[in-house]
């Protein structure tokens, strides 16, 4: 039984992603924050951590990029999950009884069109989608609905009034984190790195050209300010390559063009689960 640290509760989208990646033989360590996820893995209270890093509608979760470096963990895998939002209630409750909808702020943003069509309903932000579902179940609330996953409805025994209420197709990318050194058990084709370019004109352009010349696909580029007086930036990059030689060459080339370079993990490109 692998111990998996997730942000949120059973029935959350992190839980769903963990089931896809690890299968059903897992135990969940529920954490209030992403920092808690990192600490659980660092302190060996969990074997792996699962961390959302970006959503196709809401964009990147910027603080989590900083956590990747500060925590010193290794990315060993990823999961891309199609996020399907559902409106759920305590059993026996009808939509006419509902006065309030609760959910995480990200879920609320992704269901703004649905909520705009129900302006009379009060919308309340909570710390977790599954937490909203559990709150309704534990308190037998008949005038409150939650927006959460179908797994949350199943976990807490709620009734789904309407499914697919998200604005449009939404996908969230989750990183799988480990304390162990990077020793992939399968053939890898993706790497995540952090680098700081030389503070001179054209420095980033040289980095991008080197990646292009080697035939490596740059699937992600995220800037992040470097602390200090000068307005300098570091960059998180996701690189997709076809073989280990290409991987070695791109690391060597980027190291020669960077002031700082860190390998955050080499892993297999994640599957998309719908």
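Residue numbers (the working numbering): 807 to 1080.
In this text, a Cβ means the ideal position worked out from N, Cα and C, and glycines have one as well.
Each of 1015, 1079 and 993 was checked against the Cα of residue 1048, and the nearest Cα belongs to 993. A Cβ-Cβ distance of about 22 Å is found for the pair residue 1053 and residue 1009, leaving them out of contact under the 8 Å criterion. Between the region 828 to 848 and the region 810 to 818 there are three or more C-beta pairs closer than 8 Å, enough to call the two in contact. Residue 900 and residue 967 have their C-alpha atoms roughly 8 Å apart.
Shown here for residue 832: same chain residues with a beta carbon closer than 8 Å to its own, the five before and five after excluded, namely 807, 808, 809, 810, 824 and 825 in chain order. Separation of the CB atoms of residue 949 and residue 1080 is rounded to 33 Å, and the pair is thereby denied contact status at 8 Å. In the pairwise beta carbon analysis, the region 861 to 877 is classified as touching the region 964 to 982: at least three pairs are separated by under 8 Å.
In the DSSP assignment, the residues bridged to residue 837 are 813 and 814. In this model, residue 850 and residue 985 are separated by some 8 Å (Cα to Cα). Taking one beta carbon from each stretch, the region 947 to 966 and the region 866 to 878 have fewer than 3 pairs nearer than 8 Å; the two do not touch.
By the neighbour-count criterion, in which a residue is buried when 16 or more other Cβ atoms sit within 10 angstroms of its Cβ, residue 836 is buried.
Rounded to the nearest angstrom, the gap between the Cα atoms of residue 1014 and residue 1031 is 19 Å. About 4 Å separates the CB atoms of residue 953 and residue 909; that is less than 8 Å, so the two are in contact. For residue 973, the three-state secondary structure derived from DSSP is coil.
If only uninterrupted beta strand (DSSP E) runs of at least 3 residues are considered, those enclosed by the region 998 to 1052 are 1023 to 1031 and 1039 to 1046.
With respect to residue 881, residue 1021 sits apart: the two C-beta atoms are not nearer than 8 Å. If you look at residue 857, you'll find it in the beta strand (DSSP E) that goes 854 to 861.
The three-state secondary structure of residue 965, taken from DSSP, is strand. For residue 932, the enclosing beta strand (DSSP E) stretches over residues 928 to 932.
Within the DSSP bridge table, the entry for residue 983 names 855 and 881 as partners.
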